[in-house]
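Data first, discussion second: the structure below is written as structure tokens.
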Amino acid sequence: MIAPQELAVGQTITFQGYADDFDKRIVAMQFSLDEGCTWTTHDVSDTTADLWVHWTYAFTPERPGSYRLKVRSVNEEGRTSPASAVADFLVA
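Going by the numbering used here, the first residue of the sequence shown is number 1, and it counts up by one from there.
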């Protein structure tokens, strides 16, 4: 869980975190703002299995409402994180 955020329409928020898959190399980070129906993939294939992956994701909301960002990693075998990190935020 990532701490809840409150922001205004048109205000960019940048989320960041770290991911690790123990002995597997992470090759992509994925982000979803529609409860996991669709995912935006960012390539991080230049990583190694022995280092954590630092990720960032910037979002600028165009309308007010409640939002939930889901974040997951994809390892070199194509497997995704068993549970997504979640950030809830409110746009006024």
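The beta-carbon is built from N, C-alpha and C at its ideal position, and this holds for glycine as well.
Three-state class that DSSP yields for residue i in the structure shown
{"i": "T56", "result": "strand"}
{"i": "S73", "result": "strand"}
{"i": "E6", "result": "strand"}
{"i": "G65", "result": "strand"}
{"i": "L51", "result": "coil"}
{"i": "T38", "result": "coil"}
{"i": "S32", "result": "strand"}
Among the options, nearest to residue i - alpha-carbon criterion
{"i": "L51", "options": "G10, E6, A8 and D21", "result": "D21"}
{"i": "E77", "options": "Q11, T47 and K24", "result": "K24"}
{"i": "V44", "options": "V53, T12 and S66", "result": "V53"}
{"i": "W39", "options": "Q11, S66 and A28", "result": "A28"}
{"i": "D46", "options": "P61, I26, P82 and T12", "result": "I26"}
Whole-Å CB distance - residue i paired with residue j, under 8 Å assumed
{"i": "M35", "j": "R79", "result": "Before going further, note that residue 35 is Glu rather than Met in the sequence given. Going by Cβ atoms, the distance from E35 to R79 rounds to 20 Å, so no, they are not a contact pair."}
{"i": "T56", "j": "F15", "result": "7 Å"}
Residues near residue i by beta carbon distance below 8 Å, same chain, minus five either side
{"i": "R63", "result": "V9 and V91"}
Beta-carbon contacts of residue i that lie in its chain and below 6 Å, excluding the five residues immediately before and after
{"i": "T41", "result": "A28 and Q30"}
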